[in-house]
Amino acid sequence: MLDSLFYPKSLAVIGASRSRGKVGNAVITNIKESSYNGTIYPINPKHDEIFGIQTFGSILDIDDRVDLAIIAIPARFVPQVLSDCVSGGVQSVVIISAGFKETGTEGLLLEEEIKSIIHDSTIRVLGPNCLGIINTANRLNATFAAGMLPKGRLAFFSQSGALGIAILDWAIGNNIGFSKFISLGNKTDLNESDFIEYFMHDTETDIILGYIEDVVEGKRFLEIAKKATKIKPIILMKSGGTRAGARAASSHTGALAGSEHAFRAAFTQTGIIRAEGIEDLFETAMAFNARKLPERNNLLIITNAGGPGIIAADCAEKNGIHLPQLTKETLNSLINLLPRNASLYNPVDIIGDAPPKRYADVLEHGLNDPHIDGFLIILTPQAMTDITVTAEIVIDSAKRTKKPFITCFMGEKKVRSSIDLLQASSIPQFSYPEPAVRAFRRLYEYRLWQKKDIKGSHSLDTDRSAAERILHKARSENSPALPENDARDILSHYGFLFPAKYLAQLPKEAVSAARKIGFPVVMKISSPDILHKTDVGGVKTGINSAKEVEDAFLEITSNARRLMPAAFINGVAVFETARTGKEVIIGITYDRTFGHMIMFGLGGIYVEILKDVAFRIVPVGLDDAREMVSEIKTLPLLQGARGEKPADLDAIVTAILQLSKLASDFPFIQEIDINPLVVYEKGSIALDARIIINNEKRGGS
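The sequence shown begins at 164 in the numbering used here and counts up one residue at a time.
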């Protein structure tokens with residue numbers, strides 16, 4: 164528990180100062196001026212008192228127990244005072260001091276020293292290089308930012324201190340209430356997972372917000388977030404997710420993967436709501452402020468202006484929001500209450516001269532309409548519009564239902580006082596229709612997540628022991644890329660089917676193999692050094708005679724020797740020709756934050772061009788696998804476009820689960836590619852596969 168961090172009965176400011184402009188002065192000034200009611204101990208050996216409070220030379224000079232220490236001194240002195248905090252029984256420490264790993268090698272060594280000092284202790288450390296913390300519940304402002312946050316129910320953590328300062332100022336200026344604010348800094352000890360876990364149970368917090376650039380403990384983050392989002396919404400902004408600087412990878416899966424895909428998958432699998440920017444972060448938070456969620460995605464739009472209503476309707480269609488027609492009973496009632504030129508379809512346009520009563524009439528009858536699950540009320544401040552009374556009607560209507568209300572009072576000066584009324588009543592208010600509609604979509608998606616039953620592992624028929632023997636041999640030989648035969652055998656032990664195959668080292672052996680299999684056959688170069696065989700002219704298909712087999716053998720081997728002269732060539736593999744079906748790709752890659760990721764998409768040679776793929780973090784459940792299949796844009800091709808027979812989508816789901824199980828069983832696997840996996844009306848067959856392992860120790864087997 165982090166109560167000693169947020170609710171300390173006593174705290175020490177190490178580096179407290181009388182000098183304006185120093186961080187230690189700003190921190191102790193904020194603590195005093197925010198009316199914190201605990202005991203304050205300034206630590207500064209150069210003064211007897213600061214702000215009339217007795218100072219101490221060291222934390223060890225204090226006879227009383229100190230719950231929290233805030234350190235604001237030069238970085239080189241931090242390890243010693245932190246050691247004193249450990250010796251003195253301090254429970255939590257906030258290291259505001261900068262000059263650690265963010266500055267280079269010397270700072271990194273200092274940070275490693277901090278880790279060493281706290282390693283065997285029970286003390287918890289926030290920072291270093293952070294802004295500090297705020298808890299509005301007990302009026303604790305232990306930061307060097309000016310001003311105290313208004314009290315509210317939003318908890319916010321930020322990996323950027325500068326961004327944190329800007330958000331604090333914005334929140335104060337807009338009177339946006341927070342329960343707690345945390346600047347994470349370098350995350351030497353406490354990180355985003357610790358605070359998500361704490362806020363999950365914090366009675367002062369309803370909504371968890373955050374800005375992150377990375378995640379320290381990926382698997383723990385997934386585990387905690389998945390539990391927390393079932394209780395409270397988590398809305399995160401994640402930056403730094405581009406492919407720039409991503410490592411080169413040898414497989415299709417690795418080439419398509421990246422941290423952005425990993426974080427998208429992680430957020431999807433844990434129910435975290437991804438904000439696309441700072442504005443979106445807080446707009447989304449405001450949407451959840453009323454703590455009302457729609458049961459379905461049926462939205463009623465009420466507007467006094469046609470244009471904004473059309474914009475909202477267009478946005479609703481793009482976001483999959485249903486705008487149902489009102490029931491006959493509701494329509495019959497409204498016909499007698501609204502002008503003839505009003506539109507009774509959804510959006511309901513009550514015309515520009517609408518008095519508050521028209522809004523009241525539509526809302527009164529719409530509240531009990533079984534077709535409607537939420538309301539978007541649009542108002543433009545026209546000359547005859549009574550904005551304040553309309554806002555009061557909206558507030559009264561919202562109080563009488565569990566269905567969410569979202570408002571879009573457009574403009575600024577004329578609507579400002581009414582917007583303040585709406586926000587004071589926890590009604591989400593947006594300046595424009597599009598973010599208002601997207602907010603409703605977020606509410607609905609979160610409702611679906613809360614209803615979702617997270618299923619455990621799926622039962623699969625595998626032979627782990629047989630696969631382990633092959634992998635153990637490869638590791639003992641320090642072979643990162645497994646021979647194709649070994650890759651096929653391992654995947655066969657996990658339920659994948661492959662065409663019949665023979666390896667030929669001479670043209671006459673290839674002819675004999677082809678006759679055993681039956682024409683037509685496929686021939687491929689067999690080499691552990693050639694992963695992308697097509698690129699070197701190492702694949703021939705549709706071979707129908709012994710003469711063609713001999714010619715193909717010579718052409719394939721000469722191509723390989725000419726283009727990759729250093730490659731070791733085992734020979735040429737002769738394959739049974741698989742029936743035509745839909746080609747997909749599935750694969751595994753390893754993400755340094757979250758571990759194994761599984762990929763699915765349309766297969767063949769165009770996968771890296773189309774990039775129509777879906778990712779999830781391993782282990783993947785049945786629902787996750789089904790969602791992956793449904794996510795790709797080319798799904799209609801698999802479902803049977805233009806009269807074609809549909810592919811067996813259940814076979815794809817099973818293949819995803821099989822590959823997920825393989826990666827879970829053997830954490831040292833680095834990458835797997837099955838491209839293509841040919842899917843038929845019933846069942847599937849893998850035509851090509853490769854497995855790359857990491858021989859360094861990395862958890863598990």
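Virtual Cβ for every residue (Gly too), placed ideally from N, Cα, C.
Grab me the residues of Leu660's own chain with a C-beta within less than 6 Å of its C-beta, minus the 5 sequence neighbours each way, in chain order.
If we look at Leu660 and ignore the five residues flanking it on each side, its Cβ neighbours are Ile848.
Is the distance from the Cβ of Ala554 to the Cβ of Leu507 below 8 Å?
Their beta carbons are not under 8 Å apart, which means Ala554 does not touch Leu507 by this criterion.
According to DSSP, simplified to helix, strand and coil, what is Glu834?
Note: Glu834 maps to strand in three-state DSSP.
Starting from Phe384, follow the alpha helix (DSSP H) in both directions and report where the run begins and ends.
Segment Gly381 to Ala391, the alpha helix (DSSP H) holding Phe384.
Three-state class that DSSP yields for Met762 in the structure shown:
The answer is strand: DSSP assigns Met762 an E or B state.
Does Asn200 pass the burial test, meaning 16 or more other C-beta atoms within 10 Å, or should it be called exposed?
Flag for Asn200 reads exposed.
Nearest neighbour of Lys774, chosen from Met762, Ser260 and Val781 [CA to CA]
Nearest in C-alpha terms to Lys774, of all of Met762, Ser260 and Val781, is Met762.
Name, in chain order, the residues that DSSP records as bridge partners for Ala777.
Partner(s): Phe763.
Tell me the rounded alpha-carbon separation between His695 and Ala425.
Each residue's Cα considered, the two are about 25 Å apart.
Would you tell me roughly how many angstroms separate the C-alpha atoms of Asp851 and Glu713, rounded to the nearest one?
A straight-line Cα-Cα distance of about 22 Å links Asp851 and Glu713.
Can you give me the start and stop residues for the alpha helix (DSSP H) that Thr268 sits inside?
In the DSSP assignment, Thr268 falls within the unbroken alpha helix (DSSP H) covering Thr268 to Ile281.
Expressed to the nearest angstrom, what Euclidean distance is found between the alpha-carbon atoms of Met363 and Asp443?
Asp443 has its alpha-carbon roughly 22 Å from the corresponding atom of Met363.
Whole angstroms is fine: what's the gap from Asp357's alpha carbon to Gly434's?
Cα to Cα, the separation comes out at about 18 Å.
Give the straight-line distance between the Cα atoms of Ala476 and Ile464, rounded to the nearest whole angstrom.
C-alpha separation (whole angstroms): 8 Å.
Identified DSSP bridge partners for Ile234
In the DSSP output, where bridge partners are listed per residue, Ile234 has Ile177 and Ile258.
With a CB to CB cut of under 6 Å and the five nearest residues on each side skipped, what residues in its chain are close to Pro662?
Closer than 6 Å at the Cβ level, and outside the excluded window around Pro662, lie Phe738, Glu739 and Ala741.
C-alpha gap between Ile751 and Lys615, whole angstroms
Pairing Ile751 with Lys615, the inter-Cα distance amounts to about 26 Å.
Between Arg316 and Ser342, what straight-line distance do the alpha-carbon atoms span, to the nearest angstrom?
Those two C-alpha atoms are separated by around 5 Å.
Measuring alpha carbon to alpha carbon, tell me which of Asp166, Ser581 and Glu492 ends up nearest Asn301.
Sorting Asp166, Ser581 and Glu492 by C-alpha distance to the C-alpha of Asn301 places Asp166 at the top.
Sorted by chain position, which residues of the same chain lie with C-beta nearer than 6 Å to Arg410's C-beta, five sequence neighbours on each side aside?
Model confidence at Arg410 stands at a pLDDT of 42, short of 50, so the residue's coordinates are unreliable; what they give is reported in the following sentence. Same-chain partners within the cutoff: there are none.
Using the three-state DSSP reduction, which class does Phe731 fall into: helix, strand or coil?
Coil, per DSSP.
At least three beta-carbon pairs within less than 8 Å, the stretch 318-335 to the stretch 225-235
Under the 8 Å Cβ criterion, the stretch 318-335 does not count as touching the stretch 225-235, having fewer than three qualifying pairs.
Residue from Val552, Val256, Asp532 and Lys395 with nearest C-alpha to Arg521:
Selected option, being the one with the closest Cα: Val552.
Determine, using beta carbons only, whether Ile815 and Val776 come nearer to each other than 8 Å.
No, Cβ-Cβ distance for Ile815 and Val776 is not below 8 Å.
Any idea if Asp626 is buried or exposed, counting beta-carbon neighbours within 10 angstroms, 16 or more meaning buried?
By the C-beta density criterion, Asp626 is exposed, having fewer than 16 other C-beta atoms within 10 angstroms.
Alpha carbon to alpha carbon, what distance is there between Ile281 and Ile177?
Whole-angstrom Cα-Cα distance: 18 Å.
Rounded C-alpha distance that separates Ala818 from Gly705:
Their Cα atoms are separated by approximately 27 Å.
Flag this pair as yes or no: are the beta carbons of Ala546 and Ile780 separated by less than 8 Å?
Not in contact: Ala546 and Ile780 (Cβ atoms no closer than 8 Å).
Whose C-beta lies closer than 8 Å to the C-beta of Leu866 among residues of the same chain, with five residues either side of it excluded?
Only positions 164 to 864 of the chain appear in the structure, and residue 866 is not among them; the question remains open.
Please list the terminal residues of the continuous alpha helix (DSSP H) segment that includes Glu492.
Unbroken alpha helix (DSSP H) run through Glu492: Lys491 to Ile498.
Could you have a look at Cys293 and say whether DSSP puts it in helix, strand or coil?
Coil at Cys293, not helix or strand.
Integer-rounded CB distance, given that Arg287 should sit under 8 Å from Ser321:
That belief does not hold up - the Cβ atoms of Ser321 and Arg287 are roughly 18 Å apart, past 8 Å.
How would you write the range of the alpha helix (DSSP H) that Lys195 sits in, first residue to last?
For Lys195, the enclosing alpha helix (DSSP H) stretches over residues Val186 to Glu196.
When you compare each of Val253, Ile748 and Pro457 to His534 by their alpha carbons, which one comes out closest?
The candidate whose alpha carbon is nearest that of His534 is Pro457.
Run through DSSP, which three-state label would Asn298 get?
Residue state, collapsed to three classes: strand.
Give the secondary structure of Glu844 by DSSP, where H, G and I count as helix, E and B as strand, and everything else as coil.
Annotated three-state conformation of Glu844 is coil, per DSSP.
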